[in-house]
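Here's the structure we're looking at; comments come further down.
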Amino acid sequence: MNNEKKNNGTGTEGQKSHFPVVSLSLRSKFLVGTALILIVVCFVSAFIIYYREKNLLEKSAYSKTQMVMYAVEASREYVRDELRPRMLEEFGDDYFMLESMSTSYVGRAVMDKLKVNLPDYDYRRVSVNARNPISEANDMEKGMIGYFKEKRHENNWQGLVNLEGDAHYMRFKPVYYDASCMPCHGDPGDAPEDLLRIYGSERGFGHYPGELAGIIAVGIPVQSALSAIKEKATSVFLVVFFGVSIFYLLLSFFFNWIVVSNLRGVLDLFREEVDEKNLQEMLGNPGSADELEALSSAAQTMATHLKQTREELKQHAQNLELKVEERTKALKESKELLKEKVIIRNQELKTLNSIAELTTQARGMADIWPQAMKKTLKLIPARGVGIYLFNEGTKKLNLKYEQQAQGLPSEAGCPTQQVLDLRTDSKSSEKLMEYSMCQALQGEMNSYISPDLGHCLNIPLYCRGKVLGVMSFIGVDFDEISSEQKELLLSIGRQIGIAIESLSGLQKLIQSKELLQSVFDGITDLLVLLDKDFRIKMVNKGYLERFHVQVEDVLDIPCFEAHSGLPMPCPHCGIKEVVRTGKPYVAESKCGTGEIYLVHFYPILSDDGELESIIRYARDITDQKKVENRIQQTEKLVSMGQLAAGVAHEINNPLGIILCYLELLKRQLADFPQGLKDLHTIEKQTLNCKRIVTDLLHFSRRQESSKAYSSLNTTIEDVMHIFKHQFKKQKIKVELDLDPEMPDINFDENKIKQVFVNLIMNACQAIGKTGKINIMTSFIKEEGLVRVAIRDTGYGMDAEVKNKIFDPFFSTKKTGESTGLGLSVSYGIIQDHGGSIQVQSEPGQGAEFEVSLPVSGN
């Protein structure tokens, strides 16, 4: 201990020798150093401001002197280059006028005028031994002339100069003689006489080109500007000093609060946590001025103490190695045991997962029993197992599956009396089994001993609190079954119960779906079940046959995408109205192929009134519409025929009288040509009226058809021969596509010719000039029909015209060009033959008339 004290004392003294004799606190050291730095910052800031403002002043003064020099030099150049040569040209080489020919004089005179408005500017052009004493250089200017003589490469000098106690910005620029200066500054003999008369021949002569002639000096007083700059720098210094002082005070406060307080806290912590009295003494006086010194001393003391403690720990660690070795061995054994348990648990979890997977893959109970029982027997020490399900009707347990358990009964009931006696009666083993199973039906796992089956164990199969059956094990080795395995058996029972419930629900769902699908398929019209996003969820057989698709092709696809290939619902689809109102909706819909459907939309709402699904029922009413249109057309024709018959009878008699009187008038006006001409016109129009009346009578009185079996192709060719010249005249191209397999049919050739003549004539009139007519015949054996299609490239017709095209007296031609009976008569003729006539047309795309006639002629 004495050695330790000695060492510690030596270390502390050695450490103290590194600090100065005067010991300041950490706060004092920091604040003194910071104060010095901040004062330097103040001076540097003031110096930077002063230096910057001074440079700006010099740049401004330089620009001003540059302007003055350029102005004066411009006037001198004008005299030298323009005015002086002109004066010499006018008055001769001996002429010299000072005011207009001396550049020095003119420059000085211009500057004198300028100085009136700018008195602060001082401009001088001086030299040594100047011709004009006014331009003689002073001492400072002579010094600058000597400067430029020594430094020929310099052409400018500027700077601040103290003149008579005031600061001036001076700029000097050298001036050199050139060839134009020699007449006046070279040989006196070459100088103008007037110049010699004014200045004499002694001063200003004897110079040569390239010699330094003198300097141009421009000065600006800047004393007041420099004083202002100094004041500004002083103000900046004071402002910065004030700001820095405030910052210094704040910094002092925060440093004392954050650093010094924390350091002292650390030192106090050292002293509070140390229990040994001798160590507390070595930590020093808590009132030390320098916190860092105290902290360093404390750290060194603690380091020494920790070193001693580490040596003691090394000795102690050697004794712990044996204990650690023992603990490691025990941990290794525990690890192996834990590993075995983990493997067993993994197998158990794998079994549970396998049973769960079987539930998702199986479609019935028989699919799950073999695998589930096989996996369970691998985990449980038992000879066999059986599955009983409870029948709610008979109130008995029925054996559904057994594996290696042939001794189990096929069914078991629950006894109601003498229960306690049965538990001890060895002769009633069957009743004991039933009692045990009945207990399992109450949700309790139980066991019993059977003389034939050995130790037996019954596990309840339950789901959501309801027992669905019993899993019965036989030949169980209870010595090998642990409590964990019993829990596993209960889990397997729950999992199998869930599987039974799920598969039962799945079976019911499949049966419901099949029943619903059979109802769907029993409806021959198109039936589709849609969800609220218009996706197809179910279709019937009629839908699949109509669109020639499979269920997989349309399932979960939006109806508008499946039918129309559109990215959004059809513009006029009624399903949007159902979604908006939540009420049934009925509408007719016409397909692009011409089929007409009556579509019903029925919403399926939830208990909250929210739309869940939509049933779309579509019935093909194309044939019904055709029949209705034919009935309407027939009724219209009958009504118009009756009206036409009455009108024809009333008009026919007056027309006959008019024709008789026309014959009488012709005889009376035989000698009057103009009158005969007028009578001829009247007769022509009367005969036209009579023809119309005759057509009306024919229209109203359907004549009996004289039918016979003949070739429809031959009839068409005969009609084409009639129009041969007209086609050529109108430049109409005709294409015939006559089916050679066409059979002879029973029809009235003259009336059918009339129909084709009317149709071809209408086509020619619709085309006008330069067009095309296609005539095609075909035999539709399946329907027992022959079909004739006449297509033109005319102007076509809109929907309104198509609806009226077969009406009597309806015509798109001008008045007088048609009676409007041609297509009506043709319609009636085709109806009499048991056929049909239809038209397809769009404006600007021509028209196609399709005539269908039965082969039997019925």
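Numbering (our numbering), first residue to last: 1496 to 2353. Beta carbons are placed, not taken as given, at the ideal position from N, Cα and C, and that holds for glycine.
- If you draw a straight line from the Cα of Ala-1556 to the Cα of His-1663, it comes to about 10 Å.
- Counting only the Cα atoms, Thr-1871 lies some 11 Å from Ser-1986.
- Judged by DSSP in its simplified three-state form, His-1950 adopts strand.
- Ser-1967 sits in a strand when the DSSP states are folded into three classes.
- Distance from the Cα of Gly-1888 is smallest, within the candidate group Tyr-1896, Leu-1874, Arg-1878 and Gly-1908, for Gly-1908.
- DSSP places Gln-1653 in the uninterrupted beta strand (DSSP E) bounded by 1652 to 1658.
- Only residues of its own chain outside the window of five on either side were considered, and among them Glu-1631 have a CB closer than 6 Å to the CB of Ala-1625, listed in chain order.
- Under the three-state reduction of DSSP, Ser-2273 is assigned to strand.
- Residue pairing by DSSP places Arg-2111 opposite Val-2023 and Phe-2096 in a beta bridge.
- Put simply, the backbone Cα of Ile-2005 is about 15 Å away from that of Ile-1995.
- The beta carbons of Tyr-1600 and Val-1567 sit no closer together than 9 Å.
- When the beta-carbon positions are compared, Arg-2114 and Leu-2100 stay at least 9 Å from each other.
- The beta carbons of Ala-1867 and Ile-1991 sit closer together than 9 Å.
- In this structure the region 2199 to 2214 lies against the region 2241 to 2259, because at least three pairs of beta carbons, one per stretch, are closer than 8 Å.
- Of all C-beta pairs linking the region 1670 to 1682 to the region 1724 to 1732, fewer than three are shorter than 8 Å, placing the two stretches out of contact.
- In the DSSP assignment, Phe-1885 falls outside any alpha helix (DSSP H) and lies within the beta strand (DSSP E) extending over 1879 to 1886.
- Between Ser-1945 and Asp-1972, the alpha-carbon positions lie close to 13 Å from each other.
- Short of 7 Å from the beta carbon of Gln-2333, and not among the five residues preceding or following it, lie these beta carbons of its own chain, in chain order: Glu-2345.
- Comparing alpha-carbon positions, the option among Pro-1628, Val-2074, Ser-2321 and Tyr-1546 lying closest to Pro-2098 turns out to be Val-2074.
- As the crow flies, the alpha-carbon of Glu-1659 is around 24 Å from that of Tyr-1545.
- Collapsing the DSSP output to three states places Arg-2030 in a strand.
- Taking a C-beta distance under 9 Å as the contact criterion, Ile-2146 and Val-2188 qualify as a contact pair.
- Contact between Val-1965 and Asn-1953 holds, since their C-beta atoms are separated by about 5 Å, short of 8 Å.
- As summarised for the region 2168 to 2194, there are no continuous alpha helix (DSSP H) elements at least 4 residues long confined to that stretch.
- Going by DSSP, Lys-1981 is part of the alpha helix (DSSP H) stretching over 1978 to 2017.
- Following the DSSP letters along the chain, one finds Asn-1627 in no beta strand (DSSP E), marked with neither H nor E.
- Ile-2268 sits in a strand when the DSSP states are folded into three classes.
- A contact is defined here as three or more CB-CB pairs under 8 Å, and the region 1566 to 1580 fails this definition with respect to the region 1734 to 1742.
- In its chain, beyond the 5 residues on either side, Ile-1724, Lys-1727 and Ala-1728 have a beta carbon closer than 8 Å to the beta carbon of Glu-1548.
- Of the residues Cys-1958, Gly-1949 and His-1702, the one whose Cα lies closest to the Cα of Leu-1936 is Cys-1958.
- Each of Arg-2282, Lys-2228, Asp-2243 and Ala-2203 was checked against the Cα of Pro-2235, and the nearest Cα belongs to Arg-2282.
- Around Glu-2337, the same chain offers Gly-2291 as residues with beta carbons nearer than 6 Å, after the five sequence neighbours per side are excluded.
- Ranked by how close their Cα comes to the Cα of Cys-2259, the residues Leu-1801, Gly-2289 and Phe-2015 have Gly-2289 in first place.
- In this structure, Leu-1721 sits away from Phe-1591, with a CB-CB distance that is not shorter than 9 Å.
- DSSP, read as helix, strand or coil, puts Asp-1682 in coil.
- The three-state reading of DSSP puts Met-1665 in strand, counting E and B together.
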